[in-house]
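*Asks:* Structure in structure tokens, see below.
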Amino acid sequence: MGIRLLGGTPWCSFTLAADDDNSYYVDMVQATIGENQAPATTRERILAAAAEVFAERGYEGAAVSDIARRAGFTTGAIYGRFRDKAELLLEVVRVVLESQQEAAVLAASAGADGVSSRFAELVGEFVDANREASRALVLEAHVAARRDETVGALLREFQSERLAALRDLVADAQTKGEVAEGLDPTTVATLFLAIPLGIVLLDAAGVEVPGADTWAEVARQTAISLRPQDVKEA
Numbered sequence: 000m001g002i003r004l005l006g007g008t009p010w011c012s013f014t015l016a017a018d019d020d021n022s023y024y025v026d027m028v029q030a031t032i033g034e035n036q037a038p039a040t041t042r043e044r045i046l047a048a049a050a051e052v053f054a055e056r057g058y059e060g061a062a063v064s065d066i067a068r069r070a071g072f073t074t075g076a077i078y079g080r081f082r083d084k085a086e087l088l089l090e091v092v093r094v095v096l097e098s099q100q101e102a103a104v105l106a107a108s109a110g111a112d113g114v115s116s117r118f119a120e121l122v123g124e125f126v127d128a129n130r131e132a133s134r135a136l137v138l139e140a141h142v143a144a145r146r147d148e149t150v151g152a153l154l155r156e157f158q159s160e161r162l163a164a165l166r167d168l169v170a171d172a173q174t175k176g177e178v179a180e181g182l183d184p185t186t187v188a189t190l191f192l193a194i195p196l197g198i199v200l201l202d203a204a205g206v207e208v209p210g211a212d213t214w215a216e217v218a219r220q221t222a223i224s225l226r227p228q229d230v231k232e233a
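Numbering-wise (numbering that gives the first Met the number 0), the sequence shown opens with residue 0 and increments by one.
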């Protein structure tokens, strides 16, 4: 099944799994939200259903009533938790990114290789072949943002928060000697954020991109190149 952007004809290279249920999305949502937050079950089912419907029909082609029907609830259950369809889309994207990338990138402990290993995990996870449907959702959000002011405002806020978190990560790495002090943290963070999104665009255009393992190593070496000269030579 091709992914429809803004309700149009399927054109990009993403395909959805042929499963009859939404277990993939339920697992993805549960991994991020957790099972101890009330009303987790209802919220997870709504987000899982929304992920499916947005991926299948695009943002403009997806109706809140369709999402409610897929989740097994009324539209009132959705509007009781989300202000509108735009907020629902951005929450789905947030769950996708946090479940597959941000847990590794924004982990509390730096790990043995600090920012290098986290950047490698960020890029490597995002290009994994098993993440096609999730990449389609991220792409859909950015395309919808061009047409819908509400989506655009929410996405801008969301990406700005991610950029700020990555900037803080880089700044912290500089204090630990993992990134050269002369580099601007915002610029480095923008690089970290832009590469995975660029991969999404290339893949959507049908350009074959290297696999996750290859990208992970390139990302690791790229991050290492940002280290202070004396650390690189050690």
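C-beta atoms are modelled at their ideal positions from N, C-alpha and C, and glycine is treated no differently.
State buried or exposed for E207, treating a residue as buried only when at least 16 other CB atoms are found within 10 Å of its CB.
*Replies:* The residue you call residue 207 lines up with position 208 of the sequence shown. The residue in question, E207, is exposed, as its Cβ has fewer than 16 Cβ neighbours within 10 Å.
*Asks:* Between which two residues does the alpha helix (DSSP H) containing K175 stretch?
*Replies:* Locating residue 175 in the sequence shown gives position 176, where the first residue counts as 1. Per DSSP, K175 belongs to no alpha helix (DSSP H) and is neither H nor E.
*Asks:* Give the C-beta separation of L154 and A144 to the nearest angstrom, bearing in mind that I take them to be a contact with Cβ-Cβ under 8 angstroms.
*Replies:* Position 155 of the sequence shown holds residue 154. Position 145 of the sequence shown holds residue 144. Contact flag correct, Cβ pair sits at about 4 angstroms.
*Asks:* Within 8 angstroms, do at least three Cβ pairs link the segment 192-206 to the segment 169-181?
*Replies:* No contact exists between the segment 169-181 and the segment 192-206.
*Asks:* Closer than 7 angstroms: is that where the CB of L165 sits relative to any heavy atom of the ligand PLP?
*Replies:* The ligand PLP is absent from the structure shown, which contains no ligand whatsoever.
*Asks:* Less than 8 angstroms between the C-beta atoms of V178 and V114, yes or no?
*Replies:* Taking the first residue of the sequence shown as 1, we reach residue 178 at position 179. Taking the first residue of the sequence shown as 1, we reach residue 114 at position 115. Closer than 8 angstroms, so yes.
*Asks:* For the candidate residues T213, I45, E55 and Q158, whose alpha-carbon lies nearest to that of S133?
*Replies:* If you number the sequence shown from 1, residue 133 lands on position 134. Per the Cα distances, E55.
*Asks:* In chain order, which continuous runs of the beta strand (DSSP E) of length 3 or greater are located wholly inside the segment 52-90?
*Replies:* Listed in chain order, nothing qualifies, since the segment 52-90 has no complete beta strand (DSSP E) run of 3 or more residues.
*Asks:* So, is R226 buried or exposed, given that buried needs 16 or more other C-beta atoms within 10 angstroms?
*Replies:* For the purposes of this step, residue 226 is taken as the residue at position 227 of the sequence shown. R226 is buried by the Cβ-count criterion.
*Asks:* Distance check for A204 and L234, CA to CA, integer angstroms please.
*Replies:* With the chain running from 0 to 233 in the structure shown, residue 234 is simply not present.
*Asks:* Our contact map puts A76 next to A67 with C-beta atoms below 8 angstroms; I'd like the distance itself, whole angstroms only.
*Replies:* Stepping through the sequence shown from its first residue, residue 76 is reached at position 77. Stepping through the sequence shown from its first residue, residue 67 is reached at position 68. That belief holds up - the Cβ atoms of A76 and A67 are roughly 7 angstroms apart, short of 8 angstroms.
*Asks:* Under DSSP, the alpha helix (DSSP H) around N201 begins and ends at which residues?
*Replies:* Along the sequence shown, read from residue 1 onward, the residue named residue 201 stands at position 202. What sits at residue 201 in the sequence shown is Leu, not Asn. Note, L201: alpha helix (DSSP H), P184 to A203.
*Asks:* Rounded C-beta distance between V91 and L46? I'm assuming under 8 angstroms.
*Replies:* As a first step, residue 91 must be located in the sequence shown, where it is residue number 92. As a first step, residue 46 must be located in the sequence shown, where it is residue number 47. Indeed they touch by this definition, with Cβ atoms about 6 angstroms apart.
*Asks:* Return the chain-ordered list of same chain residues with a C-beta closer than 7 angstroms to the C-beta of E34, the five sequence neighbours on each side being excluded.
*Replies:* For the purposes of this step, residue 34 is identified with residue 35 of the sequence shown, where counting begins at 1. Residue placement at E34 is flagged as unreliable, the pLDDT there being 41, under the threshold of 50; the coordinate-derived value follows with that caveat. Closer than 7 angstroms at Cβ, skipping near neighbours: no residue.
*Asks:* Can you name, in chain order, every residue of its own chain whose Cβ lies under 6 angstroms from the Cβ of L87, other than the five neighbours on each side?
*Replies:* Looking up residue 87 in the sequence shown gives position 88. A49 and F81.
*Asks:* I need the DSSP call for R226, collapsed to helix, strand or coil.
*Replies:* Residue numbering aside, residue 226 sits at position 227 when the sequence shown is read from its first letter. Coil at R226, not helix or strand.
*Asks:* Could you pull out every residue in the same chain whose Cβ sits closer than 6 angstroms to the Cβ of T74, ignoring the five residues on either side in sequence?
*Replies:* By one-based count along the sequence shown, residue 74 stands at place 75. Cβ neighbours of T74 beyond the five flanking positions: V63, S64 and A67.
*Asks:* Measuring straight from C-alpha to C-alpha, what distance separates A188 and Q228?
*Replies:* As a position in the sequence shown, residue 188 is number 189, starting the count at 1. As a position in the sequence shown, residue 228 is number 229, starting the count at 1. So the two alpha carbons sit approximately 20 angstroms from each other.
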